[in-house]
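By the UniProt record's numbering, the letter at position 73 of the sequence shown is numbered 73, and the numbering carries on one by one without gaps.
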Amino acid sequence: MSVIKIVLWALDFTPNNHVQETLSKQVGDEVVFVGVGALTTAEEIISAMTDLKAEEVVTAIEDPCEMHKLLDRGVQPLVAIIEEVCRAEIREECKGYNPNTDVLVEREEGVVALRIREFARVIDIMFQLVDPQEKHVHEHEED
């Protein structure tokens, strides 16, 4: 009997079957994505993971403070290594797009076809993640 892992998909586009198969091969277990949209803080991710009983999370958080909070809580996020295949105003103009493997993301400014090559753990792709030494203010914080 194979193990099925619940994976929180905290990105602003919907994964397809190829993306799911790619992650399954990498983690060695079958995965089920639970899409929650783009989450931007560690608290949001941890809360969603707890509520949904997710074992993994795919996120695009760039803030090192938020990433450190996740790592501090024992969450080792996955990031998708993505290649932009094409960008166009309408779907029909997007050349090189393969609907079997690529994800087509439609936005107000047009469409973008993305190819997810692989997934990597944040901890594996960063040489060192430490507490920020300089005080800085985030957009969502007030002075």
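Built from N, CA and C at the ideal position, the CB exists for glycine as well.
Taking a contact as a CB-CB distance under 8 Å, the pair leucine 11 and leucine 52 does not count as one, their CB atoms being some 15 Å apart. Counting of Cβ neighbours within 10 angstroms places alanine 80 among the buried residues, the total reaching 16 or more. Leucine 39 and threonine 101 have their C-alpha atoms spaced approximately 24 Å apart. 8 Å or more divides the Cβ of valine 111 from the Cβ of glycine 96. Per DSSP, reduced to three states, the secondary structure at threonine 59 is strand.
For leucine 78, the uninterrupted beta strand (DSSP E) segment begins and ends at 78 to 88.
In the assembly as shown, isoleucine 61 is a buried residue. Its beta-carbon has 16 or more other beta-carbons within 10 Å. Around the Cβ of glutamate 66, a 10 Å sphere holds 16 or more other Cβ atoms; the residue is buried. Contact annotation: valine 122 and proline 77 have beta-carbon atoms nearer than 8 Å.
Non-local beta-carbon contacts of glutamine 20 in its own chain, meaning distances under 7 Å to residues more than five positions away in sequence, involve Val31 and Phe33 in chain order. The DSSP-derived three-state label of leucine 114 is strand.
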